[in-house]
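Student:
2 protein chains.
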Amino acid sequence: MRNLTMLTDLYQLTMMNGYFKSNIHEDILVFDMFFRKNPSSGGYTIIAGIEQVIDYIENLKFSEEDIDYLRSLNLFGEDFLSYLINFKFTGEIYAVREGTIMFPNEPIVRVKAPAAQAQLIETAILNMVNFQSLIATKASRVCYSANGDPVMEFGLRRAQGPDAGLYGARAAVIGGCVGTSNVLTGQEFELPILGTHAHSWVQKFPTELEAFRAYATTYPDKTMLLIDTYNTLESGLPNAIKVFDELRANGHEPLGVRIDSGDLEYLSKEIRKILDDAGYPNVKITASNDLDEYAISTLKSQGAKIDIWGVGTKLITSSDWPSLGGVYKLSAAMENGELVPKIKLSEDPQKINNPGYKRVVRIYNKTTNKAEADLMMLADETIDESKPLKVFHPVYTWKTKIFYNYYTKDLLEPLFIDGKLATNRYKVKEIKEYAQKEKDSFWPQYLRISSPERYKVDLSEKLWELKNDLIEMRKRDQQ
Amino acid sequence: MRNLTMLTDLYQLTMMNGYFKSNIHEDILVFDMFFRKNPSSGGYTIIAGIEQVIDYIENLKFSEEDIDYLRSLNLFGEDFLSYLINFKFTGEIYAVREGTIMFPNEPIVRVKAPAAQAQLIETAILNMVNFQSLIATKASRVCYSANGDPVMEFGLRRAQGPDAGLYGARAAVIGGCVGTSNVLTGQEFELPILGTHAHSWVQKFPTELEAFRAYATTYPDKTMLLIDTYNTLESGLPNAIKVFDELRANGHEPLGVRIDSGDLEYLSKEIRKILDDAGYPNVKITASNDLDEYAISTLKSQGAKIDIWGVGTKLITSSDWPSLGGVYKLSAAMENGELVPKIKLSEDPQKINNPGYKRVVRIYNKTTNKAEADLMMLADETIDESKPLKVFHPVYTWKTKIFYNYYTKDLLEPLFIDGKLATNRYKVKEIKEYAQKEKDSFWPQYLRISSPERYKVDLSEKLWELKNDLIEMRKRDQQ
Chain A
1 MRNLTMLTDL YQLTMMNGYF KSNIHEDILV FDMFFRKNPS SGGYTIIAGI
51 EQVIDYIENL KFSEEDIDYL RSLNLFGEDF LSYLINFKFT GEIYAVREGT
101 IMFPNEPIVR VKAPAAQAQL IETAILNMVN FQSLIATKAS RVCYSANGDP
151 VMEFGLRRAQ GPDAGLYGAR AAVIGGCVGT SNVLTGQEFE LPILGTHAHS
201 WVQKFPTELE AFRAYATTYP DKTMLLIDTY NTLESGLPNA IKVFDELRAN
251 GHEPLGVRID SGDLEYLSKE IRKILDDAGY PNVKITASND LDEYAISTLK
301 SQGAKIDIWG VGTKLITSSD WPSLGGVYKL SAAMENGELV PKIKLSEDPQ
351 KINNPGYKRV VRIYNKTTNK AEADLMMLAD ETIDESKPLK VFHPVYTWKT
401 KIFYNYYTKD LLEPLFIDGK LATNRYKVKE IKEYAQKEKD SFWPQYLRIS
451 SPERYKVDLS EKLWELKNDL IEMRKRDQQ
Chain B
1001 MRNLTMLTDL YQLTMMNGYF KSNIHEDILV FDMFFRKNPS SGGYTIIAGI
1051 EQVIDYIENL KFSEEDIDYL RSLNLFGEDF LSYLINFKFT GEIYAVREGT
1101 IMFPNEPIVR VKAPAAQAQL IETAILNMVN FQSLIATKAS RVCYSANGDP
1151 VMEFGLRRAQ GPDAGLYGAR AAVIGGCVGT SNVLTGQEFE LPILGTHAHS
1201 WVQKFPTELE AFRAYATTYP DKTMLLIDTY NTLESGLPNA IKVFDELRAN
1251 GHEPLGVRID SGDLEYLSKE IRKILDDAGY PNVKITASND LDEYAISTLK
1301 SQGAKIDIWG VGTKLITSSD WPSLGGVYKL SAAMENGELV PKIKLSEDPQ
1351 KINNPGYKRV VRIYNKTTNK AEADLMMLAD ETIDESKPLK VFHPVYTWKT
1401 KIFYNYYTKD LLEPLFIDGK LATNRYKVKE IKEYAQKEKD SFWPQYLRIS
1451 SPERYKVDLS EKLWELKNDL IEMRKRDQQ
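Note that the protein sequences, when read in sequence, are chains A and B.
Each residue of the first sequence is one higher than the one before, counting from 1 in the numbering used here.
Each residue of the second sequence is one higher than the one before, counting from 1001 in the numbering used here.
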């Protein structure tokens, strides 16, 4: 396991040192991680990367070399550096279960810990959860467009560095991909890996036919041939069919053909016709080449005969929206034994955080089991499910809704309590299944790739009043 | 050093196995890595990531666990797995020096190695060079807009995973940033790291004034205060000036203020005026908040009084163009002791590769020392610099140019020969200086951020003819 203790912003360390010097580094602070917009202007976000946060927290430790390096910066005293030598996380972290669908402004991760600790871990938590949630969500959108067809993740060569390939492929599978080309991801996370051959294989041989034949000899029961090296319809496909015939004569059935260029709609229809006529209705057509949810959606609406989709660059980088803008904001601080809610003002009302030590509950319809709204509330508030539940819009407060036939679920679950792991660990396979259940629990209007309906996320009356009181108080302070 | 041997696409391993079974895995192949478009529709690309390619190649080794994992896939025989146990790179790699400016279709990395080896390393080389070149280029564009003002890289929390933060910050410094907030990058690559405090620091204290005072007490000679937590002009700045006065009374000079929200043009002008009037003309104004080369360019043209730029998300993800589309294409194969040029056809003429074992030379004007054009040629071609040199456009061949007063430089340099390291290793500081020299060697029309002039990249007559002959030959083959 890699130790990523130094994967942080310098200001976390200078603040830690400042807290230490003021002897307030053990004061308890509460931070919420949340984001303000769903990626790709979509209707939802699938949270991923939580397991990596656990690994990170469990491995937090400054090495001797780290301390020596920090000493060399001439920013820190020896007393602070000694404190770092013994540093470990002793606080509390709650987070949503990995694979959960979340919405803007909802706490995804809630940290309650001594000031110095809570500060150090901000950057890495954001880095891990921002990226994997981004890619899981993108993959979910791509798979939604593919409408049940298998989607394979192929983007390692264009990923933003090794980890982006490794964890991006992991997140893509969580979001719905059937597998990845990335061998390391397959190995580390026990996921299906996929791949056959490249153009270079075809070029290496004197002729395309010989190249195909050699591939079929190597993998007689797994023959998927890339047919667009020279000319898809005039050379690649006829040569592939010759080899398929040879395979069949020897008792093997070919799996498919793959195209990676050209007009995928036209080519796939032609290929399908020719394959069917040649007696290969079960041979699959795999296509790749700059695909994303929009391209797949268009191709499907045009009736392209593509069975399997290989998606690379645009998935692994979420190219139309390459970052989830998750932030980590102070929401409360322990003062004289009580958690005091904290707020940060902003000219932009959207950027004012929800103060306090909070929970998030999801309201489900008892008959359909579909999610109907989320409610953020203070942690000590309760809901009496035997009574109707009234919620209101946090800005247009006259917009209200009353639930009668409902039940609720808490979304934040313990990850660490008193610095100790307080959750089961989940395999990617389980997280993927959980994400699928999550998607099944929402009506399709929230999941569609363009112009989705906005899912309701409301504040409890108590939280809403607290927020407004704090804004007023801060404004008075400035006068 | 991390072993990234398994960071590859499965099809590399299935092809290797296929070559092995056909007993052609030791046949020598030549691959070129090149890209087809400059990022952000710009005029150039700064190549970065070469040092990581060296580390990767030097650490190539399949572990016992790797072999066990591959065995479990039921794709490979024991003879091939035994071959992998002893696998190491024994071939030749040439690459441009890290920090070199390159253009579409030019070989950046040239691999000549046994087929199985050349294939395995494709994915990781592309991953590393694609990403770091992308970010170095983006940083160069951002710094170009800042026109000499210091630019700091702040993007770790939004980077696409830990490595994207680590190596992205490295590349950003190569491209021109003065430093990064990323502590790990500072430690691993001996780079300046920067940072002061966040909004949470201000919120932690009962008042903003107390927070500023505590920070100034901790770092009396490095006081840079974030003044936009509550209200920049009405609270943050007056409180900062109070603390600056206290600092000065104690013999210290403050460094600056930072703003991270609001209208940066208006606020910076107001802040400058107030700071100047208060006797702090040397206090710097640092600004951040969704900046990139376009935003900085506009703010500067409006006369914003910003001295230092903090650039995060849009730099570390190259958000408007989040991948460099580098590819790795077979260009030659050893057959009967001779390197035979190879081509891949495509409906799209832009996608037809330049065949053969090639070099790239840059033509400089002897008087100005500015680069005038690049010429791709076969490796055994020479240039007689005592004679005029005529080049022609590879598509519009009637467009020609003759150089008289020139000298040339080979861009591809040895990285590995016979599997052994054949280059000096460079520190990031040296690479950054080299990249700056590279920029100085081009006229500004190629470097500007919008609508740049297209730099000439031509083919030698011999290479041009070879390419056309091969295209004709391949077309005849299909008839």
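Ideal Cβ placement from N, Cα and C applies to all residues, glycine included.
Can you tell me which residues form a DSSP beta bridge with GLU1413/B?
Tutor: Per DSSP, ALA1095/B.
Student: Pull up the distance between the alpha-carbon of GLU234/A and that of GLY1325/B, whole angstroms please.
Tutor: Each residue's alpha carbon lies about 28 angstroms from the other.
Student: For LYS1390/B, collect the residues of the same chain with a Cβ closer than 7 angstroms to its Cβ; drop the 5 residues on either side in sequence, then sort them by chain order.
Tutor: Taken in chain order, the residues that qualify are THR1400, ILE1402.
Student: Taking the Cβ atom as the reference point for each residue, do THR1218/B and THR1123/B lie within a distance shorter than 8 angstroms?
Tutor: Result no, Cβ atoms of THR1218/B and THR1123/B do not sit closer than 8 angstroms.
Student: Any idea if ALA1249/B is buried or exposed, counting beta-carbon neighbours within 10 angstroms, 16 or more meaning buried?
Tutor: With fewer than 16 other Cβ atoms within 10 Å, it is exposed.
Student: Do three or more CB pairs link the stretch 183-198 of chain A to the stretch 1189-1209 of chain B at distances below 8 angstroms?
Tutor: With a cut-off of 8 angstroms, the stretch 1189-1209 of chain B and the stretch 183-198 of chain A do not count as touching, because too few Cβ pairs lie within range.
Student: Taking 8 angstroms as the CB-CB limit, is PRO322/A close to chain B?
Tutor: Closer than 8 angstroms: yes.
Student: Is it a yes or a no for the stretch 1426-1442 of chain B touching the stretch 1041-1060 of chain B, going by three-plus beta-carbon pairs under 8 angstroms?
Tutor: Touching, yes, given that three or more Cβ pairs across the two stretches are closer than 8 angstroms.
Student: Give the residues of chain A in contact with LYS1088/B, contact being defined as C-beta atoms less than 9 angstroms apart.
Tutor: Within chain A, no residue comes near LYS1088/B; the closest Cβ sits about 18 angstroms away, beyond 9 angstroms.
Student: Between THR1232/B and ARG476/A, what straight-line distance do the alpha-carbon atoms span, to the nearest angstrom?
Tutor: Going by the C-alpha atoms only, they are around 15 angstroms apart.
Student: Any beta-carbon of chain C closer than 8 angstroms to the one on TRP309/A?
Tutor: Given the protein chain composition of this structure (A and B), no chain C is represented.
Student: Which residues, in order along the stretch 1274-1304 of chain B, keep a beta-carbon less than 8 angstroms from a beta-carbon of chain A?
Tutor: Against chain A - using a Cβ distance shorter than 8 angstroms - the stretch 1274-1304 of chain B contributes no residues.
Student: Taking a Cβ distance cut-off of 7 angstroms, strictly less, list which residues of the stretch 1183-1198 of chain B are near chain A, in chain order.
Tutor: Listed in sequence order: VAL1183, LEU1184, GLN1187, ILE1193, LEU1194, GLY1195, THR1196, HIS1197, ALA1198.
Student: With 9 angstroms as the limit, tell me which residues of the stretch 129-154 of chain A have their beta carbon closer than that to any beta carbon of chain B; keep them in chain order.
Tutor: Hits within the stretch, in order: ASN130, PHE131, GLN132, LEU134, ILE135, PHE154.
Student: What are the residues in the stretch 1158-1169 of chain B lying within 9 angstroms of chain A by C-beta distance?
Tutor: The residues in question are ARG1158, ALA1159, GLN1160, GLY1161, PRO1162, ASP1163, ALA1164, GLY1165, LEU1166, TYR1167, GLY1168.
Student: Return the Cβ separation of VAL1142/B and LEU1315/B in integer angstroms, given the expectation that the two are a contact with Cβ distance under 8 angstroms.
Tutor: Indeed, because the Cβ distance is near 6 angstroms, the residues count as touching under 8 angstroms.
Student: Please name the residue or residues paired with TYR1407/B in a DSSP beta bridge.
Tutor: Answer is TYR1364/B, bridged to TYR1407/B.
Student: Quick check on SER319/A - is its C-beta less than 8 angstroms from some C-beta in chain B?
Tutor: It does: the Cβ of SER319/A has a partner Cβ on chain B nearer than 8 angstroms.
Student: When the Cβ atoms of the stretch 1157-1168 of chain B are set against those of the stretch 1106-1126 of chain B, are three or more pairs found closer than 8 angstroms?
Tutor: At 8 angstroms Cβ cutoff, the stretches do not touch.
Student: How about ASP1410/B and ARG1359/B: do their beta carbons lie closer than 8 angstroms?
Tutor: Yes; because the gap between Cβ atoms is below 8 angstroms, this pair is in contact.
Student: Count the other CB atoms, across all protein chains shown, that sit within 10 Å of the CB of THR1298/B; report buried if there are 16 or more and exposed otherwise.
Tutor: By the neighbour-count rule (16 or more Cβ atoms within 10 Å), THR1298/B is not buried but exposed.
Student: Taking only beta-carbon atoms, is ARG975/B less than 8 angstroms away from chain A?
Tutor: Here chain B has residues from 1001 to 1479 only, and residue 975/B is not among them.
Student: Check whether the Cβ of LYS401/A lies closer than 8 angstroms to any Cβ atom in chain B.
Tutor: So, not an interface residue.
Student: Cutting at 6 angstroms between CB atoms, please list the residues of its own chain near LEU70/A, excluding the five before and the five after it.
Tutor: So the list reads PHE76, once near-sequence residues are dropped.
Student: Taking 8 angstroms as the threshold (beta carbon to beta carbon), is ASN1127/B in contact with chain A?
Tutor: So, interface residue.
Student: Report the neighbours of GLY262/A on chain B: residues whose CB is nearer than 9 angstroms to its CB, in chain order.
Tutor: Those are SER1346, GLU1347, ASP1348, listed as they occur along chain B.
Student: In the DSSP assignment, find the unbroken beta strand (DSSP E) run with ALA1333/B in it and report its ends.
Tutor: Counting along the chain, the beta strand (DSSP E) containing ALA1333/B begins and ends at 1327-1335.
Student: With DSSP collapsed to three states, give me the class of GLU453/A.
Tutor: Residue state, collapsed to three classes: coil.
Student: Using a threshold of 8 angstroms, state whether the C-beta atoms of GLU381/A and LYS462/A are closer than that.
Tutor: Going by C-beta atoms, GLU381/A is nearer than 8 angstroms to LYS462/A.
Student: Taking LYS1351/B as the query, report the chain A residues whose CB atoms sit under 8 angstroms from its CB, ordered along the chain.
Tutor: Here the neighbours are SER261.
Student: Using the Cα positions of GLU1430/B and ILE1343/B, report the straight-line distance between them to the nearest angstrom.
Tutor: Cα to Cα, GLU1430/B sits roughly 37 angstroms from ILE1343/B.
Student: Tell me the DSSP secondary structure of GLY168/A in three-state form.
Tutor: Three-state DSSP puts GLY168/A in a helix.
Student: Whose CA, out of TYR1364/B, GLU1413/B, ASN1468/B, LYS1351/B, lies closest to the CA of PHE1035/B?
Tutor: Of the candidates TYR1364/B, GLU1413/B, ASN1468/B, LYS1351/B, the one whose C-alpha sits nearest the C-alpha of PHE1035/B is LYS1351/B.
Student: Distance cutoff 8 angstroms, beta carbons only. Does MET15/A sit that close to anything in chain B?
Tutor: Chain B contact via Cβ: present.
Student: Would you tell me roughly how many angstroms separate the C-alpha atoms of GLU1465/B and GLN1119/B, rounded to the nearest one?
Tutor: When rounded, the distance between both Cα atoms is 28 angstroms.
Student: Looking at the structure shown, is GLY179/A part of a helix, part of a strand, or coil, going by DSSP?
Tutor: It is a strand residue.
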